[in-house]
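Here is the structure we will look at.
Chains as they are written, first to last, in this note's numbering: chain A, 17 to 405; chain B, 4 to 181.
Below, the structure is given as structure tokens:
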């Protein structure tokens, strides 16, 4: 009788999902009329052309803005790059009022990205992510090394040259620190890298595996998988190391890939305690009840919680192919976001775009319009992206 | 109207059938029986793990050729030792008794059809399962070391089931005393 009921429940659930599926694969074109039109120009100084081009690309990438000829538009972005730093100005063309005039102190492209984010925030109310950093793994040199790049793919460079296995990087919110797993010692240990000074320290090297580290929202702690007590489980510990780890899960299955809620009170992670890998939410403070996130799919791993708390992106597997799925935390339902393959999603700070990898390349996905664009990079064999917020 | 729902209906039927059989398995599965050996589901028994003494390098000081024929292979997504692999572990026990004073380094691996973190944990559970079983056969836990390489050190390249099945393994390494 029990198995009949669960069969019935399964059939009803899947029927519902089946009827939803015609919508899952369509791409929604956001009508051009709803995009904010921002005119760009003039940008003074010898770098004027570069600034215009980078600014235009950054604004277009948000999926909410269309850069137009400088005379048209709802807003006008102009500036001067001839002095030290970039002076950026935004004007509301309807009212004629200046929205802001600001000096952006980064060098070169970094300053333009900051300008683009300020424009995005001002004209849409949503944070821009042009100034975000991207870290990932690349096997292009033979061994799996750790790389850093801008989110548009520029300035990609290796930050490890260990000739061993590097895996699972996680950037802290402001992109100043990074934690990841490395086999430098011969075993999978977790390291902390200060991206400013370049200092690297080993913070978790317990017997067994130490892997899948993830920074808490305030950067003070990491959640990770340790198997030191006989089985891969989730623990939290101070990011600086030192104190004993705090155990979060206790099951007969494996728990991996923790990701923090934006308020830091909960963790979402993958557990195969019920047979196949599934997603669960627990308290980040202590061993607690595991809340199973029902996605309708038998294989769900590598969750990532969006900054606004509303979405959990994850990797799922259908017919042997990895795809990106997203779970609506409030509604407790899931959808597919890709059809051509994808894994290891990482949200950007706007909780709308995410980066994922597919067949050695990184892609930016607009989860609202479902539009995908490749992140052009000088490095091949890319996987496991993480994005600063 | 009919065509629009045909594909989802087919998906529904297929998945419903699979879902039914999976849920039955979830209710009765104990990890024992079906010719499989316990060990995959009996972790957390408190057998302490440790790493090789610091002077021993797991990449250089472990010989995987000596007991290569005793490599234990696993089913997809599973860390339960299949019954058909039982004889190999008995051979390992015999070797161990005939060659006292050695330590074994059990290296767990996964095929690449999983995300990297999940594969690392799967390789770890496989190594721990073999370690537990060997302890059950009488080997001292202090002589058994484990490590997991996830999917990062495949034995066979390629995207065929033949290649995948060769990668889902625990290799029994003999620690070379310096």
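Glycine included, every Cβ here is placed at the ideal spot set by N, Cα and C.
Thinking just about the alpha-carbon of each residue, which of the options is nearest to the one in residue i?
i: residue 179(A); options: 82(A), 380(A), 376(A) and 161(A); result: 161(A)
i: residue 367(A); options: 321(A), 386(A) and 353(A); result: 321(A)
i: residue 233(A); options: 243(A), 274(A) and 260(A); result: 274(A)
i: residue 386(A); options: 350(A), 370(A), 393(A) and 394(A); result: 370(A)
i: residue 327(A); options: 266(A), 309(A), 146(A) and 50(A); result: 309(A)
i: residue 187(A); options: 181(A), 276(A), 225(A) and 269(A); result: 276(A)
i: residue 97(B); options: 58(B), 147(B), 166(B) and 140(B); result: 140(B)
i: residue 205(A); options: 214(A), 212(A), 219(A) and 346(A); result: 219(A)
i: residue 88(A); options: 100(A), 57(A), 177(A) and 102(A); result: 57(A)
i: residue 52(A); options: 62(A), 75(A) and 61(A); result: 75(A)
i: residue 70(B); options: 163(B), 109(B), 167(B) and 161(B); result: 109(B)
i: residue 86(A); options: 117(A), 71(A) and 207(A); result: 71(A)
i: residue 54(A); options: 213(A), 145(A), 272(A) and 140(A); result: 140(A)
i: residue 356(A); options: 338(A), 251(A) and 167(A); result: 338(A)
i: residue 303(A); options: 278(A), 111(A), 285(A) and 262(A); result: 262(A)
i: residue 3(B); options: 135(B), 118(B), 79(B) and 104(B); result: The displayed coordinates of chain B run from 4 to 181. Any statement about residue 3(B) would go beyond what the structure contains.
i: residue 329(A); options: 236(A), 64(A) and 343(A); result: 343(A)
i: residue 165(B); options: 58(B), 77(B) and 103(B); result: 77(B)
i: residue 269(A); options: 53(B), 55(B), 167(B) and 131(B); result: 131(B)
i: residue 123(A); options: 103(A), 112(A) and 50(A); result: 103(A)
Please report the straight-line C-alpha distance between residue i and residue j, rounded to a whole angstrom.
i: residue 149(A); j: residue 165(A); result: 6 Å
i: residue 305(A); j: residue 238(A); result: 21 Å
i: residue 121(B); j: residue 198(A); result: 16 Å
i: residue 403(A); j: residue 325(A); result: 16 Å
i: residue 260(A); j: residue 201(A); result: 21 Å
i: residue 242(A); j: residue 128(A); result: 41 Å
i: residue 82(A); j: residue 96(A); result: 21 Å
i: residue 405(A); j: residue 154(B); result: 30 Å
i: residue 69(A); j: residue 66(B); result: 57 Å
i: residue 177(B); j: residue 106(B); result: 6 Å
i: residue 61(B); j: residue 203(A); result: 8 Å
i: residue 395(A); j: residue 126(A); result: 20 Å
i: residue 119(B); j: residue 163(B); result: 19 Å
i: residue 393(A); j: residue 354(A); result: 21 Å
i: residue 257(A); j: residue 131(A); result: 36 Å
i: residue 334(A); j: residue 189(A); result: 32 Å
i: residue 341(A); j: residue 136(A); result: 27 Å
i: residue 99(A); j: residue 117(A); result: 15 Å
i: residue 294(A); j: residue 117(B); result: 13 Å
i: residue 60(A); j: residue 94(A); result: 8 Å
i: residue 196(A); j: residue 90(A); result: 44 Å
Going by beta carbon distance, what residues of the same chain come within less than 6 Å of residue i, once the five residues before and after it are set aside?
i: residue 107(A); result: 92 and 114
i: residue 244(A); result: 222, 223 and 224
i: residue 125(B); result: 113
i: residue 228(A); result: 184, 240, 241, 272 and 273
i: residue 151(A); result: 164, 185, 187, 194 and 402
i: residue 66(A); result: none
i: residue 167(B); result: 114
i: residue 266(A); result: 303
i: residue 111(B); result: 126, 127, 129, 130, 151 and 173
i: residue 146(A); result: 74, 129, 132 and 133
Cutting at 7 Å between CB atoms, please list the residues of its own chain near residue i, excluding the five before and the five after it.
i: residue 360(A); result: 318, 331, 372, 373, 399, 400 and 401
i: residue 397(A); result: 154, 155, 156 and 376
i: residue 158(B); result: 169, 170 and 172
i: residue 173(A); result: 163 and 164
i: residue 101(A); result: 119, 120, 121 and 127
i: residue 346(A); result: 326
Any chance the CB of residue i is under 7 Å from a heavy atom of the ligand MG?
i: residue 219(A); result: With respect to the ligand MG, the structure offers nothing, as it holds no ligand at all.
For residue i, which residues in the same chain have their Cβ closer than 8 Å to its Cβ, ignoring the five residues on either side in sequence?
i: residue 299(A); result: 264, 281, 282 and 283
i: residue 75(B); result: 84, 88, 91, 92, 129, 133, 172, 173 and 175
i: residue 379(A); result: 358, 371, 372, 373, 388, 389, 390 and 391
i: residue 170(A); result: 125
i: residue 109(A); result: 55, 89, 90, 91 and 92
According to DSSP, residue i sits in a beta bridge with which residue or residues?
i: residue 149(A); result: 166(A)
i: residue 117(A); result: 105(A)
i: residue 54(A); result: 83(A) and 91(A)
Residues from the stretch 149–165 of chain B in contact with chain A, defined by Cβ distance under 9 Å:
Of all residues in the stretch 149–165 of chain B, the ones placed with a Cβ closer than 9 Å to any Cβ belonging to chain A are 149, 150, 151, 152, 153, 155 and 156, in chain order.
If contact means a Cβ-Cβ distance below 9 Å, which residues of the stretch 217–234 of chain A contact chain B?
Considering only beta carbons, the part of the stretch 217–234 of chain A lying closer than 9 Å to chain B consists of 221, 222, 223, 224, 225, 227 and 228, in chain order.
For the stretch 363–377 of chain A, enumerate the residues whose C-beta is nearer than 9 Å to any C-beta of chain B, in chain order.
When C-beta distances to chain B are compared with 9 Å, every residue of the stretch 363–377 of chain A stays at or above that value.
With 9 Å as the C-beta to C-beta threshold (strictly closer), list the residues of the stretch 113–129 of chain B near chain A in chain order.
Within the stretch 113–129 of chain B, 116, 117, 118, 119, 120, 121, 123, 124, 125, 126, 127 and 128 place their CB atoms closer than 9 Å to a CB of chain A, listed in sequence order.
At a Cβ cut of 9 Å, what residues of the stretch 72–85 of chain B count as close to chain A, listed as they run along the chain?
Within the stretch 72–85 of chain B, 80 and 82 place their CB atoms closer than 9 Å to a CB of chain A, listed in sequence order.
Of the residues that make up the stretch 316–340 of chain A, which ones have a beta carbon closer than 9 Å to any beta carbon in chain B?
Correct list: 317, 318, 331, 333, 336 and 338.
Determine which residues of the stretch 249–276 of chain A have a Cβ less than 7 Å from any Cβ of chain B, and write them out in chain order.
The residues in question are 268, 270, 272 and 273.
Interface residues of the stretch 153–165 of chain A facing chain B [CB-CB below 9 Å]:
Residues 153 and 160.
Which of the residues in the stretch 168–199 of chain A, read from start to end, lie with their CB under 7 Å from any CB of chain B?
Listed by position along the chain: 181, 183 and 184.
May I ask you to list, following chain order, the residues of the stretch 78–97 of chain A that have a beta carbon less than 8 Å from some beta carbon of chain B?
Within the stretch 78–97 of chain A, no residue qualifies.
For the stretch 88–115 of chain B, which residues have a beta carbon sitting closer than 9 Å to at least one beta carbon of chain A?
If the cut-off is 9 Å between Cβ atoms, the stretch 88–115 of chain B has nothing near chain A.
Closer than 9 Å, Cβ to Cβ, to anything on chain B: give me those residues from the stretch 273–299 of chain A, in chain order.
Answer set for the stretch 273–299 of chain A: 273, 286, 288, 290, 291, 292 and 293.
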